[in-house]
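A.B. asks: Before I ask anything, here is the structure I am working with.
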Amino acid sequence: MKEPEIGIPILFRCPISLDLFKDPVTLCTGQTYDRSSIEKWLSCGNSTCPVTMQKLHDSTIVPNTTLRHLIDRWLQINCSHGYDLDYFQTVDDSFVVLKHNLQSKESTLEAKVEALEKVLALSKDLPFENCPLIQLDFFQMILELALENADESSNFEGNIMFVEKALVCGLKLLPFSDLGTLNMLKQDESKFTNFLILFKKGSFMIKKSLCHYIVAISSSLQSKELLVMFGKSKILVQELVHLIENKLDGFEESIKALSALSSVEQNRQVIVKENAVKALITYIVNAPKCEYRSLFGLVMAMKTIETLLVAESAKEDILDHPNGVSEIVKMVFRVSSDNEASESAMNCLIILCQDFMNAREEAICCGILTKLLLLLQSQCSERTKNKARMLLKLLRSMCNGDQK
């Protein structure tokens, strides 16, 4: 009976020759190549890493002994089962062909969309060991293609479907890819510009996907500068505010993205200036009272308002909104099962009541004292109850001060 064929793990292949490593060496970029392949590349006058295209600040190549041992062990195990070593030099290039079809300028748009659909189908099996989609860095390639097709000089309208699928594919691969790849937006001004064009002119599906990318960027310390760049973009912030305020498709993703941008202190003044606080209050006013789906959005909106209250103009925006203080009072006990929402609402009221007498008076008129007493009798956490006691103490001391 014929032995089943075993493919070479992509980790064991040189990215240049696609053959099994014979003498793996590593560059300063962290990428590993077969010695003969990378030496040939460098001898041709190239001064970049073939995979990442980063400039090599140091051309030293270091033997990758760990990988060498792993390959030796892998070969021994498979040879002991009677497999032919020559087989391991045979490359299953289906993923390479797939990548080529996506990158080739000769491929039609329909062929590229079909290739993306194959990537989506393959990504359903993630994570699995030595996945070629990850090892061949499909994520970076697909994101670059999406941004290239956003160029206003190209057939933007005709490329919408491709961009939608490309961004969704990228999101599927993102959890298993290097988040540092997203810094291409910071390093290449044209890519950053195209990201903003997509957010301004793209479909709602595109905008929702881009919001997820912004949230991902906020989770990486490597990308903090990029988050600051996004926060300074009036185009981006205005579009997020517009989606939230008008409760358009993608408004929940927009709240997450706005919250991510607000996590950086340098961004908060710009975000407030673009009426983000007013938009979030309007969202809270119009959110369904008893719909579970809206719970996360309400909590995120309340926490974002709390974050933005470091800006004086944010406080004024709440006081100027006809439902500003009253909605925050409702949030103290509106989402009774969520301590975070209650705490954020109380923190907002503490800030406002300390600085503005009219905020204090309005909060009392809106029933804040009853809300706090109900909260103290509820099953909420001790920390939330302590926050309620703190606000009660503040209101009482201020009321006593007003009477003197």
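To convert, note that position 373 of the sequence shown is 373 in full-length UniProt numbering; the numbers rise steadily by one, no gaps. All C-beta atoms, glycine included, are put in the ideal place defined by N, C-alpha and C. Note that this is a predicted model, so its numbers are computed, not measured.
Answer yes or no: do Ile-71 and Phe-12 have a C-beta to C-beta separation smaller than 7 Å?
C.D. replies: Reading the sequence shown from its first residue, position 71 is the one you call residue 71. Reading the sequence shown from its first residue, position 12 is the one you call residue 12. Cβ atoms of Ile-71 and Phe-12: closer than 7 Å.
A.B. asks: Are there 16 or more other CB atoms within 10 angstroms of the CB of Leu-196, so buried, or fewer, so exposed?
C.D. replies: For the purposes of this step, residue 196 is taken as the residue at position 196 of the sequence shown. The residue in question, Leu-196, is buried, as its Cβ has 16 or more Cβ neighbours within 10 Å.
A.B. asks: For Leu-374, tell me which candidate among Tyr-283, Ala-388, Glu-189 and Ala-146 has the shortest Cα-Cα distance.
C.D. replies: The residue labelled residue 374 in the question sits at position 374 within the sequence shown. Checked all of Tyr-283, Ala-388, Glu-189 and Ala-146; the closest Cα to Leu-374 is Ala-388.
A.B. asks: Output the residue ranges of the beta strand (DSSP E) runs that lie fully inside the stretch 219-245 and measure 3 residues or longer, sorted by chain position.
C.D. replies: Taking only runs of at least 3 residues, no beta strand (DSSP E) segment lies wholly in the stretch 219-245.
A.B. asks: Thr-108 to Leu-174, Cα distance in whole Å?
C.D. replies: Counting from one through the sequence shown, the residue named residue 108 turns up at place 108. Counting from one through the sequence shown, the residue named residue 174 turns up at place 174. Going from the Cα of Thr-108 to the Cα of Leu-174 covers about 26 Å.
A.B. asks: Between which two residues does the beta strand (DSSP E) harbouring Val-25 extend?
C.D. replies: Residue 25 sits at position 25 when you count from the first residue of the sequence shown. Its beta strand (DSSP E) spans residues 24-26.
A.B. asks: So which of Leu-243, Met-53 and Val-325 has the shortest CA-CA distance to Met-357?
C.D. replies: For the purposes of this step, residue 357 is identified with residue 357 of the sequence shown, where counting begins at 1. Among Leu-243, Met-53 and Val-325, the Cα nearest to that of Met-357 belongs to Val-325.
A.B. asks: Among the candidates Met-300, Gln-269 and His-321, whose CA atom is the shortest distance from the CA of Leu-308?
C.D. replies: Numbered from its first residue, the sequence shown carries residue 308 at position 308. The residue with the shortest Cα to Cα distance from Leu-308 is Gln-269.
A.B. asks: Go through its chain and collect everything with a Cβ distance to Ser-220's Cβ below 6 Å, but skip five positions before and after it.
C.D. replies: As a working note, residue 220 is residue 220 in the sequence shown. Closer than 6 Å at Cβ, skipping near neighbours: Leu-179.
A.B. asks: According to DSSP, simplified to helix, strand and coil, what is Pro-132?
C.D. replies: Taking the first residue of the sequence shown as 1, we reach residue 132 at position 132. Here Pro-132 sits in helix by DSSP.
A.B. asks: Helix, strand or coil for Leu-56, going by three-state DSSP, please let me know.
C.D. replies: Residue 56 sits at position 56 when you count from the first residue of the sequence shown. In the structure shown, Leu-56 sits in coil (DSSP, three-state: anything other than H, G, I, E or B).
A.B. asks: With a threshold of 6 Å (Cβ to nearest heavy atom), would Leu-352 be considered close to the ligand HEM?
C.D. replies: Absence of the ligand HEM is noted for the structure shown, with no ligands found whatsoever.
A.B. asks: Please go through the same chain and pick out, in chain order, the residues whose beta-carbon is closer than 6 Å to the beta-carbon of Leu-182, but skip the five residues on each side of it.
C.D. replies: Working through the sequence shown from its first residue, we reach residue 182 at position 182. Excluding sequence neighbours, Leu-182 sits near Ile-217 and Ser-223.
A.B. asks: Is Gly-170 closer than 7 Å to Phe-139 when the C-beta atoms are compared?
C.D. replies: Along the sequence shown, read from residue 1 onward, the residue named residue 139 stands at position 139. Along the sequence shown, read from residue 1 onward, the residue named residue 170 stands at position 170. In this structure, Gly-170 lies closer than 7 Å to Phe-139 by Cβ.
A.B. asks: Using the C-alpha atoms, what's the distance from Asn-386 back to Cys-366?
C.D. replies: On the sequence shown, residue 366 is found 366 positions in, with the first residue counted as 1. On the sequence shown, residue 386 is found 386 positions in, with the first residue counted as 1. Those two C-alpha atoms are separated by around 21 Å.
A.B. asks: Which of helix, strand or coil does DSSP assign to Val-264?
C.D. replies: Position 264 of the sequence shown, counting from 1, holds the residue named residue 264. Here Val-264 sits in coil by DSSP.
A.B. asks: Comparing alpha-carbon positions, which option in Lys-40, Val-25 and Trp-41 lies nearest Asp-34?
C.D. replies: Position 34 of the sequence shown holds residue 34. Per the Cα distances, Val-25.
A.B. asks: Buried or exposed: Pro-132, going by 16 or more other Cβ atoms within 10 Å of its Cβ?
C.D. replies: Within the sequence shown, residue 132 is the residue found at index 132, counting from 1. It counts as buried.
A.B. asks: At the level of alpha carbons, what is the spacing between Leu-145 and Arg-73?
C.D. replies: Reading the sequence shown from its first residue, position 145 is the one you call residue 145. Reading the sequence shown from its first residue, position 73 is the one you call residue 73. If you take the alpha carbons of Leu-145 and Arg-73, they lie about 38 Å apart.
A.B. asks: State the Cα-Cα distance for the pair Leu-319 and Arg-334, rounded to the nearest angstrom.
C.D. replies: As a first step, residue 319 must be located in the sequence shown, where it is residue number 319. As a first step, residue 334 must be located in the sequence shown, where it is residue number 334. Cα to Cα, Leu-319 sits roughly 20 Å from Arg-334.
A.B. asks: Does the beta-carbon of Ala-115 have 16 or more other beta-carbons within 10 angstroms, so that it is buried, or is it exposed?
C.D. replies: Stepping through the sequence shown from its first residue, residue 115 is reached at position 115. Ala-115 is buried by the Cβ-count criterion.
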